[in-house]
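Note sheet for the following structure.
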Amino acid sequence: MTHHNPEKTSILDLIERFDAILFDAYGVLVRSNGAIPGAKELIIHLNDISYPYMVITNDASRSIKTATAHYQQLGLPIDQSRVITSSSLILSFVKQHNLTGKPVVALGEGNALDYIKESGATLVNPATSKTIEAVFLCELTSATLHQDLEDIVSAIIRHVDTHHALPHLVLPNPDLIYPKTEDSFGITAGSIAAMIQTILEQRYPSLEPSFEILGKPAPMIFEEGLQRLGIKDPSSAVMIGDQLATDIQGARQANLYAALVQTGLHTTIQFEKSSFAPPHFILKNLALSM
Ligand SMILES: [Mg+2]
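To get my numbering, take the position in the sequence shown, counting from 1, and add 65.
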């Protein structure tokens, strides 16, 4: 596949050209200190003209309900039916893999665990479990993290040594780190998954352990977004994001068009030097007026 330089465009042009839009949240519609300028007017406009859109976010620490409340607090009138978080895909995952009623363990608390309980899978104590069908690495909690990690690693090893097969290893949000301030970073569940994977690879090389990712760039969250909008042909929709590795690669792999907006992670970028395929479109911001 040959890569062309992305076409410069505007949000109004994308609305005109496509039947639906999927938006990333952070760096596109919101930042940690508020809504991105222009986002509020855009959402009001899309609501007014009944244009099909969804917000798909890797944020695994919030449920759809709390993520929506957060966006609304920042002034964006986005309805709950238009939001998908990576942790909410646990419901679909459990259904697809027939894990209802099956023993599973999880790292995390609050919202993420709510989805596991709601899914019908049975959360068991990793300190004492013998058999586990799946491990969900949802989020890092501080108080007992060290002990929780040792319990989960031990639970996986006990399971594999007994059954000679891996449980599902599930990672809602594959991000490794997130920006805390201008020059400090927090660690996310993806880093923990990398550690557990290294442990399992060394102990069980023939089992080729790897995590199943629910959020971007994996196809599941894109497919769920299109399905909710009733869009059958992915190429009739465009994903607008600020990250090449997740938003843009994921959209391209799921056969959507991809647009990079320069209000987030990549304010300037030299696509020729990147190992990632470029977006189809590039836009400065989401402002309706140019
Ligand atoms: Mg983002």
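Glycine is no exception: its CB is placed at the ideal position from the N, C-alpha and C atoms.
Just so we're clear, the structure is a prediction, and the values are computed from it rather than from any experiment.
Cβ neighbours of residue i in the same chain (closer than 8 Å, five flanking residues each side left out)
{"i": "Met66", "result": "Legend: pLDDT at Met66 = 48, less than 50; position of this residue unreliable, value from coordinates given subsequently. Counting only Cβ-Cβ distances below 8 Å, and skipping sequence neighbours, we find Ala342."}
{"i": "Lys167", "result": "Ala186, Thr187, Glu198, Ala199"}
{"i": "Leu241", "result": "Ile252, Thr253, Gly255, Ser256, Ala259"}
{"i": "Ile313", "result": "Met304, Gly306, Ala323, Leu325, Phe341, Ala342, Pro343, Pro344"}
{"i": "Ser219", "result": "Pro191, Ala192"}
{"i": "Pro284", "result": "Gly315, Gln318, Ala319"}
{"i": "Arg223", "result": "Ser194, Lys195"}
{"i": "Asp213", "result": "Leu172, Pro191, Thr206"}
{"i": "Leu141", "result": "Leu94, Val95, Ala100, Ala104, Lys105, Ile108"}
{"i": "Tyr243", "result": "Phe250, Gly251, Thr253"}
Check: residue i C-beta below 7 Å from any heavy atom of ligand 1
{"i": "Tyr91", "result": "yes"}
{"i": "Asp124", "result": "no"}
{"i": "Leu309", "result": "no"}
{"i": "Gly306", "result": "yes"}
{"i": "Gly103", "result": "no"}
{"i": "Gly140", "result": "no"}
{"i": "Gly329", "result": "yes"}
The beta strand (DSSP E) enclosing residue i, as first and last residue numbers
{"i": "Phe201", "result": "199-202"}
{"i": "Ser245", "result": "A small correction: the amino acid at residue 245 is Lys; Ser does not occupy that position in the sequence shown. Run containing Lys245: 242-246, per the beta strand (DSSP E) assignment."}
{"i": "His233", "result": "233-236"}
{"i": "Gly251", "result": "249-252"}
{"i": "Ala324", "result": "322-326"}
{"i": "Ala302", "result": "302-306"}
{"i": "Thr122", "result": "118-122"}
Given residue i as reference, the closest of the options once Cα atoms are compared
{"i": "Lys130", "options": "Ala177, Ala254, Ser75, Thr253", "result": "Ala177"}
{"i": "Ser271", "options": "Glu106, Lys297, His229", "result": "His229"}
{"i": "Asn123", "options": "Asp307, Ile86, Lys349, Phe346", "result": "Asp307"}
{"i": "His69", "options": "Pro344, Lys349, Ser354", "result": "Pro344"}
{"i": "Ala100", "options": "Asp84, Gln137, Asp113, Ala323", "result": "Gln137"}
{"i": "His135", "options": "Leu231, Gly295, Ala90", "result": "Ala90"}
{"i": "Val148", "options": "Ala283, Ile76, Gln161, Leu94", "result": "Leu94"}
{"i": "Lys281", "options": "Tyr116, Ser152, Glu204", "result": "Ser152"}
{"i": "Asp144", "options": "Ile155, Asn163, Leu154, Ile121", "result": "Ile121"}
{"i": "Lys182", "options": "Leu154, Gln292, Ala208", "result": "Leu154"}
{"i": "Leu156", "options": "Arg268, Leu279, Tyr269", "result": "Leu279"}
{"i": "Asp179", "options": "Ser128, Ser146, Thr209", "result": "Ser128"}
Residue span of the alpha helix (DSSP H) that contains residue i, given as start and end
{"i": "Ser184", "result": "176-184"}
{"i": "Val93", "result": "No alpha helix (DSSP H) holds Val93; DSSP gives it neither H nor E."}
{"i": "Val159", "result": "155-161"}
{"i": "Pro284", "result": "284-294"}
{"i": "Thr367", "result": "It is not possible to answer for residue 367, since the shown part of the chain is limited to 66 through 355."}
Contact check, residue i vs residue j, beta carbons under 8 Å
{"i": "Leu351", "j": "Leu107", "result": "yes"}
{"i": "Ala310", "j": "Phe287", "result": "no"}
{"i": "Ser97", "j": "Glu204", "result": "no"}
{"i": "Thr328", "j": "Gly92", "result": "yes"}
{"i": "Leu265", "j": "Leu236", "result": "no"}
{"i": "His233", "j": "Glu277", "result": "yes"}
{"i": "Ile412", "j": "Ala85", "result": "Nothing about residue 412 can be read from this structure; the chain reaches only from 66 to 355."}
{"i": "Ser249", "j": "Phe83", "result": "no"}
{"i": "Leu353", "j": "His110", "result": "yes"}
{"i": "Pro274", "j": "Leu231", "result": "yes"}
Spatial neighbours of residue i in its chain, beta-carbon cut-off 7 Å, leaving aside the 5 residues before and after
{"i": "Val159", "result": "Thr165, Ser184, Gly185, Ala186"}
{"i": "Ile217", "result": "Val170, Leu172, Pro191, Val200"}
{"i": "Gly290", "result": "Leu87, Met119, Ile121, Ile149"}
{"i": "Tyr116", "result": "Ile80"}
{"i": "Asn112", "result": "Pro142"}
{"i": "Pro299", "result": "Leu291, Ala319, Asn320, Leu321"}
Other residues of its chain near residue i: CB distance less than 6 Å, five sequence neighbours each side excluded
{"i": "Phe346", "result": "Pro71, Glu72, Thr74, Ala324"}
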